[in-house]
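2 protein chains.
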Amino acid sequence: MIRIIIAEDQKMLLGALAALIDLEEDMEVVGRAGNGEEAVNLVKLHNPDVCIMDIEMPGSSGLEAAEQLKGLDCKVIILTTFARAGYFDRAVKAGVDGYLLKDSPSEELSSSIRSVVSGRRIYASELVDEAYNTSSENPLTDRESEVLVLMADGKSTKEIAGQLFLTTGTVRNYISAILDKLEVSNRIEAITRFKEKGWFK
Amino acid sequence: MIRIIIAEDQKMLLGALAALIDLEEDMEVVGRAGNGEEAVNLVKLHNPDVCIMDIEMPGSSGLEAAEQLKGLDCKVIILTTFARAGYFDRAVKAGVDGYLLKDSPSEELSSSIRSVVSGRRIYASELVDEAYNTSSENPLTDRESEVLVLMADGKSTKEIAGQLFLTTGTVRNYISAILDKLEVSNRIEAITRFKEKGWFK
DNA sequence: ATTACAGCATGACAAATGTCATATAGGTCA
DNA sequence: TGACCTATATGACATTTGTCATGCTGTAAT
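These protein sequences, in sequence, are chains A and B.
For the first sequence, position 41 (counting from the first letter as 1) is numbered 65 according to the working numbering, and the numbering increases by one without interruption.
For the second sequence, position 43 (counting from the first letter as 1) is numbered 67 according to the working numbering, and the numbering increases by one without interruption.
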């Protein structure tokens with residue numbers, strides 16, 4: 025019997041996934057978590073074979089949880105909406121055993137679980153393509169990223185300058201560099217692009 | 025036997041919901057759709073008792089589909105992530121019989137289905153509160169909304185002016201009015217606010 | 001018919017934004 | 001030790017953005 029823990033903050037999906045898995049005769053859901061921290065606790069408590077994990081959850085994310093579970097012999101499968109290279113890279117670095125998309129057909133879930141248990145790694149094909157083709161690191165320096173985050177929050181140049189103890193000229197210069205590096209021509213496009221690429225946080 | 029059609033673009037959730045519903049002895053999933061248009065066709069074809077519908081789907085949305093199904097005697101339940109007043113208002117106007125959130129516990133799904141079949145209406149409580157307290161109409165005129173949409177796309181004043189055959193002065197004036205009405209002080213905040221309120225489209 | 005009002009449109013002006021040249025501090029590598 | 005690079009920081013300048021006063025519709029109310 026494959027013993028499974030699911031971590032997912034949308035309760036409807038959490039319940040539905042549990043129903044789906046419990047239909048399989050060789051699988052059993054032994055715990056349900058609503059965030060990353062709960063998931064880590066449940067895994068330590070129940071010692072399951074597999075933990076299925078969403079990424080975006082309130083409090084600690086699925087990626088943080090996956091990083092903490094590295095080393096334990098519970099296999100981790102990430103199940104998320106987001107086909108972003110940034111998330112995928114980080115998940116691979118955390119040593120996850122599978123990365124599925126919520127867009128994938130539901131039949132793939134049970135087969136992926138069995139594959140992972142038998143030692144293989146399963147990555148949604150869309151992601152592997154993307155990782156090879158378009159995967160790119162965030163080209164912004166720490167300082168620039170800091171500025172962009174404040175900017176995305178709707179702050180004006182003056183407010184950003186105040187918060188970072190810089191002159192407005194300096195902040196405008198950073199923004200100019202950001203626009204240049206992201207190959208866009210105004211703040212709004214920069215924010216959109218940054219989000220698209222999965223570079224937030 | 026309650027006959028049900030589900031429309032949901034995330035295949036994983038679609039499959040899992042179907043599994044959840046098929047566990048109930050008095051319910052049966054007779055069709056699955058990946059967008060609003062498919063859902064309408066399937067309803068006309070199979071004449072089910074209930075159609076469960078996501079809002080944000082590629083192509084035609086769940087709200088458009090619900091509007092088209094008004095009058096048929098298939099009950100419509102909206103099942104979405106978004107607790108936005110804008111969506112909720114529009115759904116109520118379209119005469120939907122239920123509005124559930126993906127954050128609601130999965131046990132509520134089957135009980136809600138039985139309720140709407142017996143003629144009641146079921147709205148997630150979070151929404152009713154919000155509708156009474158904060159529900160508000162989009163205060164922008166059509167022209168202003170048009171400008172905001174282009175602006176959210178990252179277009180510059182000049183590009184917007186070109187596209188709408190206006191001078192840049194006029195466009196800037198509209199934007200000024202938009203900022204005023206949304207009570208914000210720059211374009212980025214205006215876009216964020218507009219999204220928050222669920223006023224997009 | 002007159003008034004009042006809302007939406008649409010514009011240009012003048014002031015303020016914020018984006019670009020560029022420039023300067024310093026720290027790192028690396030030949 | 002230089003030569004070179006990168007990240008950080010700034011101010012001068014031109015452009016873009018936001019505000020305001022103003023005029024022109026159409027239409028609803030008196």
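Using N, Cα and C, we set each Cβ at its ideal position, and we do this for glycine too.
Across the stretch 117-133 of chain B, CB contacts with chain A closer than 9 Å involve L124, L125, K126, D127, S128, P129, S130, E131, E132 and L133, in sequence order along the chain.
Annotated as distal: V74/A and K35/A, with beta-carbon spacing of 7 Å or more.
Around the beta carbon of G193/B, fewer than 16 other beta carbons sit within 10 angstroms, so the residue counts as exposed. Residues of the stretch 25-41 of chain B with a C-beta atom less than 9 Å from some C-beta of chain A are D33, Q34, K35, M36, L37, L38, G39, A40 and L41, listed in chain order. Bounds of the alpha helix (DSSP H) holding E91/B are G86 to L93. Taking the Cα positions, A115/B is about 44 Å away from A185/A. Cβ atoms of L93/A and V64/A come within 8 Å of each other, at about 6 Å. Residues of the stretch 171-182 of chain A with a Cβ closer than 9 Å to any Cβ of chain B, in chain order: M175, A176, D177, G178, K179 and S180. DSSP, read as helix, strand or coil, puts R56/A in strand.
The beta carbon of I212/B sits closer than 7 Å to some beta carbon of chain A. Below the 7 Å Cβ cutoff, chain B contributes A43 as neighbours of L47/A, in chain order.
F189/B is classed as exposed because its beta carbon has fewer than 16 other beta carbons within 10 Å across all chains shown. Listed along chain B, the residues sitting closer than 8 Å to I215/A by beta-carbon distance are I212. DSSP places I30/A within a strand segment (E or B) once states are collapsed to three.
An exposed status is given to M25/A, since fewer than 16 other beta-carbon atoms sit within 10 Å of its beta-carbon. Look at M36/B here: in three-state DSSP terms it is helix. Apart from the 5 residues on each side of it in sequence, D78/A sits with its Cβ closer than 7 Å to the Cβ of A31, E32, D33, G86, L103 and T104 in its chain, given in chain order. Approximately 17 Å separates the beta-carbon atoms of L44/A and A57/A; this is outside 8 Å, ruling out the contact.
Contact between I202/B and L174/B is ruled out by a C-beta separation of about 11 Å, above the 8 Å threshold. By the CB criterion at 7 Å, V208/A and R217/A fall inside the cutoff.
Taken through DSSP and simplified to helix, strand or coil, T104/B comes out as strand. Contact between G60/B and G83/B holds, with the beta-carbon distance rounding to 7 Å and staying under 8 Å.
Boundaries of the beta strand (DSSP E) around M77/B: V74 to M77.
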